[in-house]
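Please read the structure below before turning to the comments.
Protein chains: 2
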Amino acid sequence: MDGRGRDGPRERLLRAAQRLSYAEGATVGVQTLLREADVARRSLYEHFGGKDALLAEVLRLSAAQDLAAITSAMTAAGDEPSDRLLGLFDHLAEVLDGPGFRGCRYLAADLALAESTHPAHDATRDYRDGLHALLLAELARAGHPEPERAAEQLLLLVEGVLATGTTRPHAQPARLARSLAEHVLAEAPPRGRTASSTA
Amino acid sequence: MDGRGRDGPRERLLRAAQRLSYAEGATVGVQTLLREADVARRSLYEHFGGKDALLAEVLRLSAAQDLAAITSAMTAAGDEPSDRLLGLFDHLAEVLDGPGFRGCRYLAADLALAESTHPAHDATRDYRDGLHALLLAELARAGHPEPERAAEQLLLLVEGVLATGTTRPHAQPARLARSLAEHVLAEAPPRGRTASSTA
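Chains as they are written, first to last, in our numbering: chain B, 1 to 199; chain S, 200 to 398.
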């Protein structure tokens, strides 16, 4: 928005694709996207080169928003790495309860787009690498003896929460995963004895 | 097969849909299905009433096969409930290494088919209820103090393994989840002291 009217075609396309590719799936049709964005087909090609690149850009945009929200939730949970990592699961509980939740956007895109060279897969890989880096940094700070492995375990729990949130929400998956995450964190030295303080 | 020639149209449709709805996704087109099955459109409607019901039937067929394979792997792992439940994760490691693996068929269908009334969702729910029942029976036999909750935790780990197997196979997700499953099982009384023997 420039304050004087509605967004331009690029922003309208991004917003329409972000909503529809989640609500209806990554295989949503080009016509549906153009209609919701109220833009001409030419704009799609001018701004993104095509639907594949638009979807990839939506995933990069969503990843930046989601990782910022996760970072913010972890920061709000305090300074202790274990509190911050468990805070991620409290954040996921809120995400699952949010309006229109229907699973992990990144996994859904990977599963829907069978073509391995689709640019969306690069965007989803970058998202997971970004989340992995956030988790790894906290685990290293906690002095976890196997931070790489533990970060992959927490990522696996995050995937499990988002999948189960779609299919068995009554099971309260974020709580179930939080208590499994506590086992992962229990392998780190007790509070106060971090890697740096014992070095 | 009747031993005298190729399968009939119904079987060819099921086989084509089982392969393509996994390899290309549940949004695979009717034309593609008919071409691969080498049947006329009329056969699809005669035998299934349409693509939606065909997809649901494929999911029921796959669920029966997958639950049979899981039961078989658990049986091969021995008589102790904990061995049998950990055997499930060893089985998943083999599934992930199998040719053409690309995630959980049931979750992919749920994510791809946004319409909540699509009959595929009933089939995927029945699959998960069936797996939950298998897990619950073993946990109850092990004398786990919270078998319902533990079964949901193991299901969440299964979802996490299948998702991560698609997106980060190098992390060896079945192994990561197996060690988390050991924490779930550790809440049960020690070997030999099952619920029935302490009653």
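Think of the CB as a built atom: it goes at the ideal place given N, C-alpha and C, for glycine as much as any other residue.
- In this structure B/Thr164 touches S/Leu354 by the C-beta definition: roughly 7 Å separates them, less than 8 Å.
- In this structure, the CA atom of S/Arg214 is about 19 Å from the CA atom of S/Val294.
- In this structure, S/Leu310 sits near B/Gly25, with a CB-CB distance shorter than 8 Å.
- Rounded to whole angstroms, B/Arg84 and S/Gly248 show a C-alpha spacing of 52 Å.
- DSSP places B/Ser72 in the helix class (H, G or I) of the three-state scheme.
- By the C-beta criterion, the stretch 181-190 of chain B is judged not to be in contact with the stretch 268-284 of chain S, since fewer than 3 inter-stretch pairs fall below 8 Å.
- Taking B/Ala64 as reference, the option from B/Arg102, B/Ala114, B/Gln31, B/Ala123 with the minimal CA-CA separation is B/Ala123.
- If you draw a 10 Å sphere on the C-beta of B/Ser116, you find fewer than 16 other C-beta atoms in it, and that means exposed.
- The beta carbon of B/Ala93 is closer than 6 Å to those of Ala174 in its chain, skipping five residues each way along the sequence.
- Excluding sequence positions up to five before and after S/Leu338, its CB lies within less than 6 Å of the CB of Pro346, Ala349, Ala350, all in the same chain and listed in chain order.
- For S/Phe288 and S/Gly359, the gap between their C-alpha atoms comes out near 11 Å.
- Using a Cβ-Cβ cut-off of 7 Å, S/Asp309 is close to Thr166, Thr167 of chain B, given in chain order.
- Residues of the stretch 222-237 of chain S whose Cβ lies closer than 7 Å to any Cβ of chain B, in chain order: Ala222, Glu223, Gly224, Thr226.
- In terms of beta-carbon proximity, B/Val161 lines the interface with chain S, with at least one pair separated by less than 8 Å.
- Counting only residues of its own chain and dropping the five nearest sequence neighbours on each side, B/Arg60 has a CB closer than 6 Å to the CB of Ala123.
- At a Cβ-Cβ threshold of 8 Å, B/Leu55 and B/Ala17 count as neighbours.
- Of all residues in the stretch 168-189 of chain B, only Arg168, Ala171, Pro173, Leu176, Ala177, Leu180, His183 come within less than 7 Å of chain S when Cβ atoms are compared, listed by chain position.
- Taking the beta carbon of B/Gln18 as reference, no residue of chain S falls within 9 Å; the closest one sits roughly 15 Å away.
- Within the stretch 22-107 of chain B, the complete alpha helix (DSSP H) runs of at least 4 residues fall at 30-37, 41-48, 51-76, 81-97.
- If you draw a straight line from the Cα of B/Asp7 to the Cα of B/Ser43, it is about 13 Å long.
- The C-beta separation of B/Arg105 from B/Tyr22 comes to about 5 Å, placing the pair in contact by the 8 Å criterion.
- Identification of chain B residues near S/Gln264 by a Cβ-Cβ cut-off of 9 Å yields none; the smallest Cβ-Cβ distance measures about 19 Å.
- Assignment of S/Glu386 by DSSP, reduced to helix, strand and coil, places it in the coil class.
- From the beta-carbon of S/Gly302, the residues of chain B found nearer than 9 Å are Leu107, Asp110, Leu111.
- Taking 8 Å as the threshold, the shortest C-beta distance from S/Leu260 to chain B does not fall below it.
- Rounded to whole angstroms, B/Tyr127 and B/Val58 show a C-alpha spacing of 12 Å.
- The Cβ atoms of S/Ser281 and S/Ala341 sit closer than 8 Å to each other.
- Using beta-carbon distances, S/Glu351 counts as an interface residue toward chain B, with a partner under 8 Å.
- Interface flag for B/Arg41 against chain S is unset, since no Cβ pair is found closer than 8 Å.
- Secondary structure of S/Ala313 (DSSP, three-state): coil.
- Less than 8 Å divides the Cβ of S/Leu212 from the Cβ of S/Val238.
- With respect to B/Gln172, S/Leu379 sits apart: the two C-beta atoms are not nearer than 8 Å.
- Each residue's CA atom was taken as its position, placing S/Leu312 and B/Phe101 some 14 Å apart.
- Nearest to S/Thr366 by C-alpha distance, out of B/Leu107, B/Gly103, B/His132, is B/Leu107.
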